[in-house]
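To convert, count from 1 in the sequence shown and add 32; that's my numbering. Each residue gets a CB set at the ideal place from its N, CA and C atoms; glycine is no exception. These notes concern the structure reproduced below.
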Amino acid sequence: MNGQQIQSKIISMEIDVLNAVRQRTLNQWTDGPFVKESRLFFLLLPFFNGEQWSAKMETSANTVAIVYSALHAHDKVREEMPISKEQQLTVLAGDLYSGIYYQMLAKIKNVEMVQKLAAAIIQVSEKKASFHEHRIQQPDEVEETVKVIETALLHSFYEANEFQSYGELMECSLLYQRYTEELEALKAGEFSYVLSLLGDTLIHNSFIEQWLMERLESLSEHILLKANDCELEFEVKAILLDQIIPHQHSAEQLTREG
Numbered sequence: 033m034n035g036q037q038i039q040s041k042i043i044s045m046e047i048d049v050l051n052a053v054r055q056r057t058l059n060q061w062t063d064g065p066f067v068k069e070s071r072l073f074f075l076l077l078p079f080f081n082g083e084q085w086s087a088k089m090e091t092s093a094n095t096v097a098i099v100y101s102a103l104h105a106h107d108k109v110r111e112e113m114p115i116s117k118e119q120q121l122t123v124l125a126g127d128l129y130s131g132i133y134y135q136m137l138a139k140i141k142n143v144e145m146v147q148k149l150a151a152a153i154i155q156v157s158e159k160k161a162s163f164h165e166h167r168i169q170q171p172d173e174v175e176e177t178v179k180v181i182e183t184a185l186l187h188s189f190y191e192a193n194e195f196q197s198y199g200e201l202m203e204c205s206l207l208y209q210r211y212t213e214e215l216e217a218l219k220a221g222e223f224s225y226v227l228s229l230l231g232d233t234l235i236h237n238s239f240i241e242q243w244l245m246e247r248l249e250s251l252s253e254h255i256l257l258k259a260n261d262c263e264l265e266f267e268v269k270a271i272l273l274d275q276i277i278p279h280q281h282s283a284e285q286l287t288r289e290g
C-alpha cells in the first residue's frame, strides 16, 4: 500500500465518522466530531501493514474512532459558570456520539469488543477525573495517566482482534506526540492539566521541559526499534515517521539544544 492509498484510507475513515455522527444543530453550535489523524492511523495500522482485515474489524475501528469523538466533545466543556448554550450542546454531542457507538457495536453483535471497549472507557474516564483531584502525582504516575488516556481505547481494539504486536509501537508513538504537544504548550505559556500535574513535583518550567525532552529522546529510540520489530512496510513506516510523528527525527537535536 503506497502513501497516497494510506492517506486516502485515513480520510475515508474520518468521513465515515463524520457521516455517522452528523447532526445539523450540534454541528452549528459546537466544533463537531474530531479524531486525531494519529489515532486513525493506528486504528488502521494492521490493515496498512497487510494483516487480515474484515468488515467486522472495519466497523469496530470506526466505532473506536467515534468513542474518541465522544470523549473529545466532553473534554471541550470548560469548567465555568454560567454554562453557555454551546457548552450544553457540546455535552449533548458527546452523549449522541456515545449512543451511536453502542448502537454500532450492538448491530455487529461483537460482545468481546463491547466488553473491552467499555472497560477502556471507564479507565480513560477515571484517569481524566484524576486531573481534578487535589493530590500530588509523581511524573511516573502522570505518565501512566497520559498513557491510558491516549492508548486504552486502541489497546482494546488491538486485543479484541489479536493485533497486540502493534501495541508498544502505538503506545510510544502516541506518548511521543502528546509530549510534543505538551512541550509546545509549555513554551507558549499555555495551560494544560498534564503540565499542571508535572509542575506539582518538578516545580519550575525548566525542570518540566527537561523531563519532557528526556522522555521524547527515549521514546524516539523506542519508536524506531518497535517499527522494526513490527516489520512495517516501507511506505507505512515512512508515513509514521514523516507525517504522524514528524517531530521524531528532531528529538535528539532538540534535547541537545535544550
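Does the Cβ-Cβ distance between residue i and residue j come in under 8 Å?
i, j, result
"residue 29", "residue 43", "This structure cannot settle anything about residue 29, because the visible part of the chain is limited to 33 through 290."
"residue 205", "residue 262", "no"
"residue 156", "residue 186", "no"
"residue 67", "residue 153", "no"
"residue 76", "residue 93", "yes"
"residue 35", "residue 220", "no"
"residue 215", "residue 241", "yes"
"residue 72", "residue 45", "yes"
"residue 218", "residue 258", "no"
"residue 264", "residue 142", "no"
"residue 163", "residue 211", "no"
Could you give the DSSP three-state label for residue i: helix, strand or coil?
i, result
"residue 39", "helix"
"residue 113", "At residue 113 the pLDDT is 41, less than 50, meaning the model places this residue with poor confidence and gives no usable figure here."
"residue 264", "coil"
"residue 68", "coil"
"residue 51", "helix"
"residue 89", "helix"
"residue 45", "helix"
"residue 84", "coil"
"residue 255", "helix"
"residue 98", "helix"
"residue 276", "helix"
To which residues of the same chain is residue i closer than 7 Å at the C-beta, ignoring the five residues directly before and after it?
i, result
"residue 203", "179 and 183"
"residue 208", "248, 251, 252, 255, 277 and 280"
"residue 181", "156, 159 and 160"
"residue 199", "187 and 190"
"residue 79", "85"
"residue 237", "218"
Counting only the same chain and skipping the five closest in sequence on each side, list residues whose C-beta sits under 6 Å from that of residue i.
i, result
"residue 229", "169 and 174"
"residue 104", "66"
"residue 111", "Caution is warranted here: a pLDDT of 46 is assigned to residue 111, below 50, making its placement in the model unreliable, and the coordinate value is therefore given only provisionally. Same-chain partners within the cutoff: there are none."
"residue 232", "168"
For residue i, collect the residues of the same chain with a Cβ closer than 8 Å to its Cβ; drop the 5 residues on either side in sequence, then sort them by chain order.
i, result
"residue 243", "171, 230 and 234"
Taking 8 Å as the CB-CB cut-off, is residue i touching chain C?
i, result
"residue 43", "Considering every chain present, this structure includes no chain C. It has just one protein chain."
Segment contact, 8 Å Cβ cut-off, at least three pairs: the region 180 to 194 with the region 135 to 150: yes
Contiguous alpha helix (DSSP H) assignments of at least 4 residues, all confined to the region 138 to 174: 143 to 161
Alpha helix (DSSP H) runs contained entirely in the region 171 to 249, provided each spans 4 or more residues: 171 to 192, 199 to 220 and 225 to 234
At least 3 beta-carbon pairs within less than 8 Å: the region 82 to 89 vs the region 170 to 178: no
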